[in-house]
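Below you'll find the structure, written out as structure tokens, and then a few comments.
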Amino acid sequence: MKKLNINLPTTLAFILIVGLSGCRKQEQIKIGFLYSSDVTVRFYKESHFFKEHAEALGAQVILDHANDNDALQYDKAIEMMDQDIDLLALIAVNVNTAENIVKEAKARGIPVLAYNRLISNCDLDVYISGNNEQLGKDMAGYVVEQRPQGNYIILGGDRFDRNAVELMASIEKTLKPHIESGNINILYKTYIENWNPDHAAYELDQVLAAYPQSIEAVIACFDGMAVSCIEVLKKYNLDGKVIVTGQDAQLESCRRIVEGTQHITLYHPLKDIAYKAAEVAIDIINRVKLEKKYNITYVNNGFEDVPTVQINSIPVTKENIDDVLIKSGFYKQEEIYQ
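Have a look at this one:
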């Protein structure tokens with residue numbers, strides 16, 4: 001029988017190293033999810049859906065928001081990084097200044113997931129968003145179907161928000177053949193700083209005061225703007241007579257849809273988006289190749305082509321609001337029908 005030559009101290013050291021390595025691999029993943037503000041109901045819900053799903057998958061999630069203050073968001077991001085997070089998911093207050101958050105995270109070796117808002121000029125690991133091209137096509141296509149001729153007003157989002165720019169481009173592309181045929185005239189078109197409802201109402205009021213000719217549609221790119229514009233239309237006795245669009249399926253807009261003063265909103269399936277983002281975040285931490293698991297497209301943020309996961313939105317009208325929003329549990333019937 002051959003005698004084994006075992007160096008006991010070396011063997012014990014090897015076992016100890018392997019054991020410690022195994023412990024490190026079993027440490028709980030920690031993710032920071034920092035969103036812009038809890039005033040935006042959508043982002044509040046999505047952050048909690050993200051936490052719910054990520055924790056079901058075994059991760060720990062730290063949630064916080066920044067009261068729509070970009071300087072405060074930077075400070076809170078640093079606080080999260082100091083807690084040894086493995087990934088930062090970020091809904092930026094300001095997509096331009098948030099690059100400083102990303103750069104600090106990268107300096108610490110922390111990957112960053114940009115959620116809903118593409119952060120400019122920095123090295124992002126992934127971008128999770130809706131499909132703005134599809135969104136604009138659905139929004140403008142609905143209006144053309146309802147009012148194939150006449151004067152339109154388009155109120156876009158913030159010109160420095162890539163979502164707003166992409167959405168506007170899709171709306172223009174959808175309307176182009178109808179404009180060229182002479183059926184549709186764009187009476188007025190502008191971006192609205194910070195997607196601000198009061199600014200949108202002011203712009204619409206100025207246009208209606210200056211141009212007394214009939215208006216067929218107000219393509220408002222956000223529900224908050226749609227609701228404020230409906231109040232302006234009411235002033236001119238046009239509420240319910242002019243097609244009004246929006247997006248986000250905010251409760252007040254849903255109420256306006258059933259009463260007939262807003263006609264469509266685009267619902268982002270928040271739970272689906274947030275759950276997908278949680279899965280992507282954990283895969284990034286575990287160094288899974290995203291291209292092998294997800295349908296990846298690429299969006300340039302001024303620095304690089306960022307891997308992007310898109311989730312389509314759902315058009316909501318008076319005809320399908322019960323099926324899409326009530327039966328799914330997003331709203332209760334008594335919340336919408338008052």
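Just so we're aligned: 114 in UniProt numbering is position 114 of the sequence shown, and the numbers increase by one with no gaps anywhere.
Cβ coordinates follow ideal geometry from the N, Cα and C atoms, glycine included.
Just so we're clear, the structure is a prediction, and the values are computed from it rather than from any experiment.
For residue j and residue i, believed in contact at Cβ under 8 Å, the rounded distance
i      : j      : result
ILE273 : ILE85  : Not a contact, Cβ separation roughly 21 Å.
ALA201 : HIS53  : So it is not a contact: roughly 37 Å between Cβ atoms.
ILE296 : LEU290 : 6 Å
ASP70  : PHE303 : Incorrect: roughly 19 Å between the Cβ atoms, too far for contact.
ASP75  : ARG117 : ASP75 to ARG117, Cβ: 19 Å. No contact.
ILE110 : ASN301 : That pair is no contact at about 18 Å.
VAL299 : VAL306 : 5 Å
Nearest residue (CA-CA) to residue i, options the options
i      : options                        : result
LEU251 : GLY32, GLU27, VAL41, SER36     : VAL41
ARG159 : ASN194, SER228, GLY260         : ASN194
VAL227 : ALA210, GLY260, VAL207         : GLY260
VAL95  : ILE78, GLU79, ALA114           : ALA114
ALA105 : ALA56, ALA77, ALA92            : ALA77
SER181 : ASN163, GLY157, GLY150         : GLY150
SER36  : LYS30, LYS45, LYS137, GLN28    : LYS45
SER313 : LYS137, GLY240, ARG255, VAL280 : LYS137
ASN132 : ILE171, ALA107, ASP125         : ILE171
LEU238 : LEU208, MET225, CYS254         : LEU208
LEU57  : ASP64, PHE43, ASN67, GLN28     : GLN28
TYR331 : CYS254, MET225, ASP125, ASN121 : CYS254
ASN121 : LYS176, PHE49, LYS103, ASP64   : LYS103
PHE33  : LEU325, LEU155, ASP64          : ASP64
GLU166 : TYR142, TYR294, GLN134, LYS293 : GLN134
LYS51  : VAL39, ALA89, ASP68, GLU79     : ALA89
MET225 : LYS235, HIS199, ALA210, SER328 : HIS199
VAL39  : SER328, ASP68, HIS48, ILE326   : ASP68
GLY141 : ASN286, ILE243, ASN320         : ILE243
GLY240 : GLN146, SER47, ASN163          : GLN146
CB contact flag (residue i, residue j, <9 Å)
i           : j      : result
CYS221      : GLN247 : yes
THR245      : MET139 : yes
ILE257      : THR317 : yes
THR265      : PRO315 : yes
ILE192      : ILE153 : no
TYR267      : ALA249 : yes
VAL218      : THR174 : no
VAL112      : LEU72  : no
PRO212      : ASN183 : no
ILE62       : GLN83  : yes
ALA107      : ALA98  : no
LEU233      : LEU204 : yes
ILE284      : ASP125 : yes
ILE310      : GLY156 : Rather than Ile, the amino acid found at residue 310 in this sequence is Gln. No, these two residues do not count as a Cβ contact at 9 Å.
ILE31       : ALA59  : yes
residue 339 : GLN333 : This structure does not reach residue 339, given that the chain is present from 1 up to 338, and the question cannot be answered.
N- and C-terminal bounds of the alpha helix (DSSP H) containing residue i
i      : result
PHE43  : 41–56
THR174 : 162–180
GLY32  : From DSSP, GLY32 is part of no alpha helix (DSSP H) but of the beta strand (DSSP E) over 30–35.
ASP198 : 197–210
GLN333 : 333–336
Residue range of the unbroken beta strand (DSSP E) whose run includes residue i
i      : result
ASP305 : 305–311
PRO315 : 314–316
ILE219 : 217–220
LEU155 : 150–156
VAL299 : 297–300
ILE326 : Unbroken run through ILE326: none, as it is neither H nor E.
TYR188 : 184–191
> Mind pulling the alpha helix (DSSP H) runs of 4 or more residues that sit fully within the segment 224–290?
Replying inline: 251–259, 270–285
>> List, from N- to C-terminal side, the alpha helix (DSSP H) runs of 4 residues or more that fit wholly inside the segment 56–134.
In response: 70–81, 99–107
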